[in-house]
Each structure stands twice: as C-alpha cells, then as structure tokens.
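Q: Position one of the sequence shown corresponds to residue 1 (full-length UniProt numbering), numbered consecutively onward.
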Amino acid sequence: MLDGYGAVLALRAAGTSLVIDTAGRMPRVLHWGADLGPVDETTLEALRDSGDPAVLNNSPDIPRSFSLWPSEFEGWAGTPAQEGHAAGSATTPRPHTVAVRYETDGRDGGLGGRIEFDLVDEITALRSTMAIALDRFGVLAVDVTVTRDAALSGGAAVSGDAALSGSAAEPYTLDALRVLMPVPERATDILDFTGKWCRERAPQRGPLFFGSHVRRARRGKPGHDAPFLVVAGTEDLGFRRGEAWAAHLAWSGDAEYVVERLTEGAGPFSSVLGVGEGLRPGEIALADGDRYVAPTALFLWSADGLDGLADRLHRRLRARPSHPAKPRPLTLNSWEAVYFDHDLQRLTALVERAARVGVERVVLDDGWFHGRRDANAGLGDWIVDRSVWPDGLGPLVDIVRAHGMEFGLWFEPEMINLDSDLARAHPDWVLGPRQALGATARDQYVLDLTRPDAYAYVLERISAIVDEYRVDYIKWDHNRDLSEAVSGYAGVDRPAVHEQTLALYRMLDTLRARHPGLEIETCSGGGGRVDLGILDRTDRVWASDCNDPVERLQIERWTRMLIPPELIGSHLGAARSHTTSRTTDLAFRLIVALTAHAGIEWDLQEADEDQLERIARWGAAYRELRGLIHSGRVVNADLADDTTLLSGIVSVDGDRAIYTWARLATSAPGQSGRVRFPGLDPDARYRVRIRDDFGPASRHQSADPSWIAAAATADGVVLPGAVLAVAGTPLPTLNPQQAMLFDLVRVP
1 MLDGYGAVLA LRAAGTSLVI DTAGRMPRVL HWGADLGPVD ETTLEALRDS
51 GDPAVLNNSP DIPRSFSLWP SEFEGWAGTP AQEGHAAGSA TTPRPHTVAV
101 RYETDGRDGG LGGRIEFDLV DEITALRSTM AIALDRFGVL AVDVTVTRDA
151 ALSGGAAVSG DAALSGSAAE PYTLDALRVL MPVPERATDI LDFTGKWCRE
201 RAPQRGPLFF GSHVRRARRG KPGHDAPFLV VAGTEDLGFR RGEAWAAHLA
251 WSGDAEYVVE RLTEGAGPFS SVLGVGEGLR PGEIALADGD RYVAPTALFL
301 WSADGLDGLA DRLHRRLRAR PSHPAKPRPL TLNSWEAVYF DHDLQRLTAL
351 VERAARVGVE RVVLDDGWFH GRRDANAGLG DWIVDRSVWP DGLGPLVDIV
401 RAHGMEFGLW FEPEMINLDS DLARAHPDWV LGPRQALGAT ARDQYVLDLT
451 RPDAYAYVLE RISAIVDEYR VDYIKWDHNR DLSEAVSGYA GVDRPAVHEQ
501 TLALYRMLDT LRARHPGLEI ETCSGGGGRV DLGILDRTDR VWASDCNDPV
551 ERLQIERWTR MLIPPELIGS HLGAARSHTT SRTTDLAFRL IVALTAHAGI
601 EWDLQEADED QLERIARWGA AYRELRGLIH SGRVVNADLA DDTTLLSGIV
651 SVDGDRAIYT WARLATSAPG QSGRVRFPGL DPDARYRVRI RDDFGPASRH
701 QSADPSWIAA AATADGVVLP GAVLAVAGTP LPTLNPQQAM LFDLVRVP
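1. Only counting runs of 3 or more residues, tell me where the beta strand (DSSP E) segments fall wholly within the segment 45 to 73, in order along the chain.
2. Work out the CA separation of I568 and W542 for me, nearest whole Å.
3. Grab me the residues of L30's own chain with a C-beta within less than 6 Å of its C-beta, minus the 5 sequence neighbours each way, in chain order.
4. If you measure between the beta carbons of E412 and W476, is that distance less than 9 Å?
5. Which residues does DSSP pair with A217 in a beta bridge?
6. Look up S651 in the DSSP assignment and say whether it is helix, strand or coil.
7. Per the contact definition of three or more C-beta pairs closer than 8 Å, is the segment 619 to 637 in contact with the segment 301 to 316?
8. Can you tell me the Cα-Cα spacing of T124 and E170, whole angstroms?
9. With DSSP as the reference, label P227 as helix, strand or coil.
10. Roughly how many angstroms lie between the CA atoms of T595 and R12, to the nearest whole one?
11. Could you check where the alpha helix (DSSP H) with H314 kicks off and where it finishes?
12. For V108 and A14, I'd like the C-alpha separation in whole angstroms.
13. Return the Cβ separation of S302 and E235 in integer angstroms, given the expectation that the two are a contact with Cβ distance under 8 Å.
14. If you compare alpha carbons, which of A133, A285, F209, Y457 is closest to P495?
15. Tell me whether A157 sits in a helix, a strand or coil according to DSSP, three-state version.
16. Do you know whose CA, among G138, G371, S153, V258, lies nearest R315's CA?
17. Where does residue 756 sit, in a helix, a strand or coil, going by DSSP?
18. Using a 10 Å radius around the Cβ and a threshold of 16 neighbouring Cβ atoms, would you call K221 buried or exposed?
19. Just to confirm the assignment: which complete beta strand (DSSP E) runs, minimum length 3, are found wholly within the segment 102 to 133?
20. If I measure Cβ to Cβ from A454 and keep anything under 8 Å in the same chain, skipping five residues before and after, which residues do I get?
21. For R614, which residues from the same chain have a beta carbon less than 8 Å from its beta carbon, with the 5 sequence-adjacent residues on both sides left out?
22. Could you spell out the range, first to last residue, of the beta strand (DSSP E) harbouring Q204?
23. By DSSP, does Q605 sit in helix, in strand, or in coil?
24. Less than 6 Å between C-beta atoms, sequence neighbours within five positions excluded: which residues of the same chain meet that for G223?
25. In whole angstroms, give me the CA-to-CA distance for F239 and I534.
26. Under 6 Å Cβ to Cβ from T43, same chain only, skipping five residues before and after it: list those, please.
27. Consult DSSP for T660 and reduce its assignment to one of helix, strand or coil.
28. Is DSSP giving I383 helix, strand or coil here?
29. Is the segment 739 to 748 close to the segment 645 to 657, with three or more CB pairs under 8 Å?
30. Can you list, in chain order, the residues of its chain whose CB lies under 6 Å from that of M130, leaving out five sequence neighbours each side?
31. Measure the C-alpha to C-alpha separation of G253 and L177 and round it to an integer number of angstroms.
32. Can you check which of these residues, H597, Q737, A436, is closest to L332 by C-alpha distance?
33. Within the same chain, show all residues whose beta-carbon is closer than 7 Å to that of A99, passing over the 5 residues directly before and after it, in chain order.
34. Which term fits F209, buried or exposed, when burial requires 16 or more other beta carbons within 10 angstroms of its beta carbon?
35. Taking the DSSP output, what are the residues bridged to L9?
36. What do you get for I465, buried or exposed, if any count of 16 or more other CB atoms within 10 angstroms of its CB means buried?
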C-alpha cells in the first residue's frame with residue numbers, strides 16, 4: 001500500500017465515489033455519492049478548499065469540521081464516534097492521525113480500493129485503526145480496531161498532567177464506538193424497518209427532522225423489529241427513483257443505528273448516518289494491551305432508488321467465495337406437517353410424496369432429540385430420543401437418501417430448557433444473573449456459550465450427530481431474546497452479548513471447517529436474526545415463521561433489500577395458514593413461494609391428486625427458473641395503489657425475466673393503468689407468456705386487457721421493450737389474494 005498521509009484520496013467504483021481529506025488532525029469525508037470520474041489533483045484540491053462551512057454566530061471560532069471520528073474537540077455536538085472512560089476519567093477523546101495507507105483497484109482506480117488510518121489518542125491511551133474498503137460494487141465496508149496502550153499517556157504525565165497518567169493505569173470502559181458518515185441536505189427522508197414475530201421487516205418512513213433518530217437493538221440479536229437497513233433518501237425516493245444513502249451493521253448481537261441532523265450541520269454536510277455495536281455497561285473494559293474489534297459497518301449510495309441499493313448488496317454477496325455455488329435444492333421442512341408428532345411411518349409417507357413432487361432435500365425439524373415431546377423440555381440434550389426413534393434416525397435418513405434427496409436436521413444450540421438432563425447437570429451453564437434467573441421465553445433460557453465447557457459440549461454433540469447421520473444441512477434456530485445477558489463464569493456477573501455472539505460465530509465456523517459441504521440455515525423464531533454477520537457463516541435465512549403468502553409477499557419484498565432471493569427460504573404452506581388462519585388458493589401460494597429458495601412446509605398427505613400434480617409442475621418450474629431467480633437482478637415497480645405489487649427478477653444480460661403481479665386487497669381504482677415492467681431493455685423486444693402451470697388467478701373483472709389474452713396462449717405475445725418498460729401496459733384487475741406470473745424472453 002502507498003503512503004497517503006496529508007493527501008486527498010479518492011476511491012471510486014460502480015458509479016460511486018468517496019473522497020477523503022487526510023490532512024489535519026483527523027481525516028474527513030469531502031464527498032460520498034455520485035461518481036466524480038477519474039479526478040485529477042486540481043479537482044481533489046478544489047474539493048478540499050471548498051470543504052469548510054461558514055463560521056456561525058454563537059459558535060466555535062473556527063469552521064466546524066466533521067471527521068471520520070467526530071468528537072466534541074472538533075466542535076461536534078451530535079452523537080460522537082466514541083464514548084467511554086477510565087474510572088470516570090479520560091472522557092474527552094482526541095485521536096489524531098499518525099499514518100495513512102491506500103491502494104486502488106482497476107484501471108484509473110475504477111474498481112474501488114482501500115484506505116487505512118492509524119490513530120493514537122494520548123488522553124484515552126488508545127491506538128486505533130480504521131480501514132475503509134470500497135468494493136467493485138460500490139459498497140463501503142468500514143472496520144475499526146481499538147487497542148489499549150497505557151504508554152501513550154506517558155508524555156502527558158511528563159508535562160505535568162498526573163491525573164491523565166493515572167487514568168491509563170485503569171481499564172478503559174468503551175461505552176460506544178460508532179462509524180458515522182455525512183449525508184447532504186437533499187436527504188430529507190428516513191426509511192428503516194420494524195416488525196414482530198410473523199411480520200418482520202415492516203417498513204416505516206418519515207421526515208429527517210432536526211434531532212436524533214436512534215434505533216437500538218437490545219435483544220442480543222437484531223430482533224424481529226430490527227432496523228435492518230437504515231436509509232436516508234431524497235423526497236422522491238422509491239424503488240426505481242431517488243437518491244439513497246444507507247447503512248447496515250454486519251453483526252448478530254446488539255446494535256445501534258443513528259440518523260441525526262443538527263442546525264449547524266455536519267461540516268459542509270447536513271446530516272449524519274451511523275451504526276455501531278450496542279455495548280452494555282461495562283461490557284468492553286480494555287486493560288493495557290487489550291483489543292476491541294468492532295463489527296463491520298456497511299455503507300452504500302444509490303442514484304437508482306431502493307432497487308439500486310439492493311442490487312449493490314446482492315452483487316457483493318454473490319461474489320463471496322462462501323456463497324452457495326450449487327443449485328438451491330427444493331426443500332421440504334417437517335415442522336408444519338407434523339410438529340412434534342414424530343413417527344417413522346408418517347414421515348415415510350411424507351417423504352414419498354415429497355419425492356413425487358420433486359423435493360430434493362428433507363429437513364426434520366424440532367422434536368427428534370431426548371425428551372422433546374413439546375416445547376417445554378429437552379433443549380440441550382442433543383441425542384436422539386430412543387423412545388420415539390428406537391433405531392435412531394438411520395431408517396428415516398436411509399429412506400430420504402433412497403429417493404435421492406439430502407437430509408437436514410433442526411438444532412437450537414444456543415438454548416436450554418430447565419427440564420433437560422443438561423440443565424440438571426449444569427445449572428450454572430444458563431446465561432443470566434447468579435442471584436436468580438428471570439422469566440422464561442418459549443419455556444427456555446439461553447445457554448452460556450462464553451463458557452468453554454458449555455461451548456465444547458454443544459459443539460461436540462452437534463458434530464457427532466452430523467457425522468453419524470451424514471447430515472447435509474442444519475436449520476439453526478434461536479427462539480428467544482437474550483434478557484439479562486450476563487455470565488457468571490469469571491466469578492462475577494459480566495455482560496456477555498458481545499462474547500456470546502463471537503462464540504456463535506466461532507462455532508459456526510468450526511462446524512463448517514469440520515464438515516465440508518455442510519450447509520446451515522439461520523432461523524430465529526423466523527426472521528429475528530437476519531444480518532450480514534450471520535450470513536458470512538450460513539447459507540440461507542428463514543425470513544419468517546409465517547407462510548401466509550399475503551404476509552410473505554411483503555416480508556420477502558423488503559428482506560430482498562439486503563438479501564438476494566437464493567438466500568431466502570420461502571415455503572408452500574397449508575391452505576389455512578397456521579400463523580394467521582387466513583385461507584388462500586394453492587396457485588397463489590405456489591407463485592409466492594417460487595421466487596426465492598423454494599420449499600414446502602405442509603403435510604402433503606392432505607393434498608389430493610390434482611394438487612399434487614400442480615405442486616409437481618411448480619417444482620419443475622422452480623428447477624427450470626432457479627438459475628434466473630438466483631442470479632438475476634431484483635426489480636420492483638413503483639405503484640400508486642399499495643394493494644398491488646409488481647416485482648421481478650431480470651437476468652444480468654437482460655435476456656430473460658419473470659414478474660409477479662399480485663393483489664393483496666381490494667382498492668378504489670378499477671383499473672391498474674399502464675404499469676411499467678422495470679429493468680427491461682427499452683430497445684429490445686420480448687416474448688411475454690403468462691405461466692399458469694399452477695392454476696389461473698381469479699379476476700375482479702369481466703375480461704382481460706386484449707394483450708393479456710394473447711400472452712396466455714402457448715406462443716405468448718411479442719412486445720417492444722419500450723412499451724413494457726417505458727410506456728407500460730394495463731394489467732388484469734385481480735381479486736384479493738391472487739397473483740400472476742409473467743415469463744419474458746428477449747427475441748431477435
């Protein structure tokens with residue numbers, strides 16, 4: 001890497017640029033947004049020279065700066081990058097730069113690059129490294145490491161500050177460490193997410209007012225109400241329009257997201273967007289030589305609306321060496337089919353029907369291990385329950401493999417029931433205050449994986465089961481929050497969310513290293529732990545415990561803001577949803593479950609012959625289309641009627657696309673108007689066919705638009721891309737809870 005100290009450095013890739021001024025005490029962002037092109041030194045100096053704001057009345061007597069480590073020292077009165085103390089002292093951090101290194105990738109630096117800053121702070125006696133990497137997809141990854149170095153305060157003591165010297169002898173308690181990026185005044189709106197069990201990732205949007213918009217996750221995991229992805233956008237922000245600046249913390253523990261606007265601005269910018277780990281009181285106490293590694297903070301910008309953000313993230317994930325390479329198998333999960341009623345004969349019949357409709361992987365869910373006849377007992381006892389499985393799981397595994405399918409198994413390794421042999425033998429392994437445990441959730445507690453003995457026990461039990469039954473796939477569940485998450489392992493109750501999260505990561509990494517080819521799905525009461533930290537170690541997220549297609553359409557649409565379809569499990573459930581009691585048509589359920597990593601979670605013994613044939617056709621369509629679904633670009637139409645949606649997946653070369661046109665409820669408009677199919681080439685021509693392999697959608701009309709009738713024929717209809725993508729076409733007025741699937745192929 002090259003020495004960049006004192007220079008103005010630029011990184012650019014995929015239509016975005018980041019420019020940082022490294023002169024002065026701390027580096028500061030001069031530009032983050034649209035690509036400035038291969039800028040010369042004159043342009044960079046002009047950015048620096050124009051980067052100081054006005055000096056306001058009743059303000060510091062120098063222009064307020066907003067650095068990459070904002071603090072009160074530079075006049076910043078908003079949320080700081082760092083908070084902490086050493087026994088009540090060393091509360092005013094003043095880091096400064098001592099070294100800068102940089103490198104760029106690609107010709108003219110157009111494929112991104114990396115800038116690293118070394119910082120020291122004599123007041124807090126901390127050495128820090130901040131690394132900012134821009135990948136070729138335009139996503140910024142910021143990694144920060146902080147190390148306690150008591151020797152740094154020596155110079156201050158020589159100058160007469162004995163109190164400062166004394167504070168270096170005390171551990172430094174790090175209360176917060178955030179990465180904060182500036183955004184311009186045209187970012188007027190905030191979009192983030194909330195939710196609950198079976199209604200994850202519900203969007204919420206409002207104005208970016210003066211003050212602080214702070215979202216904290218204090219559940220020991222992101223939670224069903226996780227902020228997920230926090231976006232500052234322009235007023236016109238939609239799926240296909242507007243500018244957006246976004247942040248995500250790649251971390252599976254506590255988190256904090258901040259969007260903030262002060263009247264004095266943030267240097268020459270208007271507002272601030274930031275993320276950091278949520279640290280509990282006293283959780284990170286750094287003695288001399290101790291180090292804290294912050295979770296990776298991701299930032300990205302788009303000029304193409306929310307779809308532009310999603311596209312950057314999807315391309316980043318798909319480029320990972322660990323990204324699943326083989327086709328995503330059609331999966332059957334036993335949960336809503338049998339629940340705890342494990343019976344070899346019943347499950348054999350289910351497997352045989354699954355094979356008939358084209359299932360490629362069978363996952364045996366909760367209920368197979370010792371004492372697990374309901375949700376009140378057994379967690380922690382990871383041995384096969386011989387009262388239910390007298391010959392072990394081998395007979396079922398053999399049947400699954402005889403049909404050419406993979407075998408998967410459910411675990412909840414981070415949890416424990418008090419009614420278990422493990423809890424009776426090791427009551428001190430339960431995470432929580434030693435004085436007394438708090439309330440159960442789902443009749444369970446959390447297992448303290450920060451204890452080496454508890455960690456080793458769980459790891460070896462899972463590994464033994466995987467070896468014995470040649471398990472191909474683990475569904476890894478996590479069904480409660482971490483409340484009062486303290487560990488007494490060291491003889492005193494210490495906050496443990498950070499270390500518990502790292503223990504989880506180590507266990508996942510170790511299992512994958514021990515068992516090459518093992519795939520893991522992350523589940524947390526459904527979609528309570530969906531983040532890019534867990535996805536570095538897993539192959540699929542279970543987006544929600546809700547299989548109701550009406551809810552799933554919205555849950556998956558917004559989950560795809562971060563996660564590409566091939567990593568999102570989506571299952572065909574029963575006609576009457578087990579979580580909402582809503583009843584929906586089979587065709588609707590099949591279409592909704594198709595455009596992700598498809599599966600089945602329904603007792604197929606309930607299906608009649610016609611339904612089985614339709615499910616088999618759906619399975620064949622999934623195998624036909626998954627190459628497109630799992631590699632294409634996700635697109636969404638901006639529609640005025642929010643009871644309808646048009647979402648699609650377009651191949652990278654633009655030669656093929658599929659779109660789902662769906663109606664959730666009735667609405668006042670009788671006509672759709674001209675709806676545009678996003679993502680198509682306006683200069684191309686496309687053959688459009690309606691896929692009704694799974695059954696037709698019912699209409700709230702007497703006749704379709706004429707072009708729809710032509711598209712419903714075997715040959716379909718050929719239309720110009722300009723008509724489909726620019727002018728738009730009228731679409732059928734469907735009844736509520738109905739969907740249609742359009743299949744488009746470019747023609748010469």
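The beta carbon of each residue, even a glycine, is placed where N, CA and C say it ideally should be.
Keep in mind it's a predicted model, so treat the numbers as computed, not measured.
A: Reading from the atomic positions:
1. The segment 45 to 73 contains no whole beta strand (DSSP E) run of 3 or more residues.
2. In the sequence shown, the residue the question calls residue 542 occupies position 542. In the sequence shown, the residue the question calls residue 568 occupies position 568. C-alpha separation (whole angstroms): 6 Å.
3. For the purposes of this step, residue 30 is taken as the residue at position 30 of the sequence shown. Closer than 6 Å at the Cβ level, and outside the excluded window around L30, lie V19, D21, L47, G51.
4. Numbered from its first residue, the sequence shown carries residue 412 at position 412. Numbered from its first residue, the sequence shown carries residue 476 at position 476. Here E412 is near W476, since their CB atoms are less than 9 Å apart.
5. Reading the sequence shown from its first residue, position 217 is the one you call residue 217. In the DSSP output, where bridge partners are listed per residue, A217 has A255.
6. Translated into the one-based positions of the sequence shown, residue 651 becomes position 651. S651 falls in the coil class under three-state DSSP.
7. The segment 301 to 316, when compared against the segment 619 to 637, does touch it at the 8 Å Cβ threshold.
8. As a working mapping, residue 124 is identified with position 124 in the sequence shown. As a working mapping, residue 170 is identified with position 170 in the sequence shown. Rounded to whole angstroms, the separation of the alpha carbons of E170 and T124 is 10 Å.
9. Residue mapping note: residue 227 aligns to position 227 of the sequence shown, counting from 1. Residue state, collapsed to three classes: coil.
10. As a first step, residue 595 must be located in the sequence shown, where it is residue number 595. As a first step, residue 12 must be located in the sequence shown, where it is residue number 12. Linking T595 to R12 through their CA atoms gives a straight-line distance of about 33 Å.
11. On the sequence shown, position 314 is the one that residue 314 refers to. Segment 305 to 318, the alpha helix (DSSP H) holding H314.
12. Position 108 of the sequence shown holds residue 108. Position 14 of the sequence shown holds residue 14. As written in the sequence, residue 108 is Asp, which differs from the Val given in the question. Computed Cα separation, rounded: 13 Å.
13. Along the sequence shown, one-based indexing puts residue 302 at 302. Along the sequence shown, one-based indexing puts residue 235 at 235. Your pair S302 and E235 does not check out as a contact, with CB atoms roughly 15 Å apart and the cut at 8 Å.
14. What you label residue 495 is simply residue 495 of the sequence shown in a count that begins at 1. When only C-alpha atoms are compared, the closest one is A285.
15. Here the question's residue 157 lines up with position 157 in the sequence shown. Annotation note: pLDDT 38 at A157 (below 50); position unreliable, no value reported.
16. Position 315 of the sequence shown, counted from the first residue, corresponds to residue 315. Closest by alpha carbon: G138.
17. This structure cannot speak to residue 756, because the chain is shown only from 1 to 748.
18. Against the sequence shown, residue 221 aligns to sequence position 221. Buried: at least 16 other Cβ atoms inside 10 Å.
19. List check, beta strand (DSSP E) in window: 113 to 121.
20. In the sequence shown, residue 454 corresponds to position 454, counting from 1. Only H426, W429, L447, D448 meet the Cβ criterion.
21. For the purposes of this step, residue 614 is taken as the residue at position 614 of the sequence shown. Excluding five sequence positions before and after R614, the CB atoms of its chain that fall closer than 8 Å to its own CB belong to L586, A587, L590, D693, F694, G695, given in chain order.
22. Locating residue 204 in the sequence shown gives position 204, counting from the first residue. Counting along the chain, the unbroken beta strand (DSSP E) around Q204 starts and ends at 199 to 207.
23. For the purposes of this step, residue 605 is taken as the residue at position 605 of the sequence shown. DSSP places Q605 in helix when its eight states are reduced to three.
24. Here residue 223 refers to the residue found at position 223 of the sequence shown. Taking G223 as the centre and dropping the five residues before and after it, the same chain places the C-beta of A217, G528 closer than 6 Å to its C-beta, in chain order.
25. Here residue 239 refers to the residue found at position 239 of the sequence shown. Here residue 534 refers to the residue found at position 534 of the sequence shown. Using only the alpha carbons, I get a separation of about 26 Å.
26. Against the sequence shown, residue 43 aligns to sequence position 43. In its chain, beyond the 5 residues on either side, no residue has a beta carbon closer than 6 Å to the beta carbon of T43.
27. On the sequence shown, position 660 is the one that residue 660 refers to. Strand.
28. In the sequence shown, the residue the question calls residue 383 occupies position 383. In the three-state reduction of the DSSP assignment, I383 falls in the coil class, being assigned neither a helical nor a strand state.
29. Taking 8 Å as the limit for Cβ pairs, the verdict is that the segment 645 to 657 does touch the segment 739 to 748.
30. The residue given as residue 130 occupies position 130 in the sequence shown. Within the same chain, M130 has close Cβ partners F117, V144.
31. Along the sequence shown, one-based indexing puts residue 253 at 253. Along the sequence shown, one-based indexing puts residue 177 at 177. Separation of G253 and L177 (C-alpha to C-alpha, rounded to the nearest whole angstrom) is 14 Å.
32. As a working mapping, residue 332 is identified with position 332 in the sequence shown. The option with the nearest alpha carbon to L332 is H597.
33. Along the sequence shown, read from residue 1 onward, the residue named residue 99 stands at position 99. Within the same chain, and ignoring the five residues on either side of A99 in sequence, the residues whose Cβ sits closer than 7 Å to its Cβ are Y5, D118.
34. By one-based count along the sequence shown, residue 209 stands at place 209. Here F209 is exposed. Its C-beta has fewer than 16 other C-beta atoms within 10 Å.
35. In the sequence shown, the residue the question calls residue 9 occupies position 9. L9 pairs with I20.
36. As a first step, residue 465 must be located in the sequence shown, where it is residue number 465. The Cβ neighbour count for I465, taken over all protein chains shown within 10 Å, is at least 16; the residue is labelled buried.
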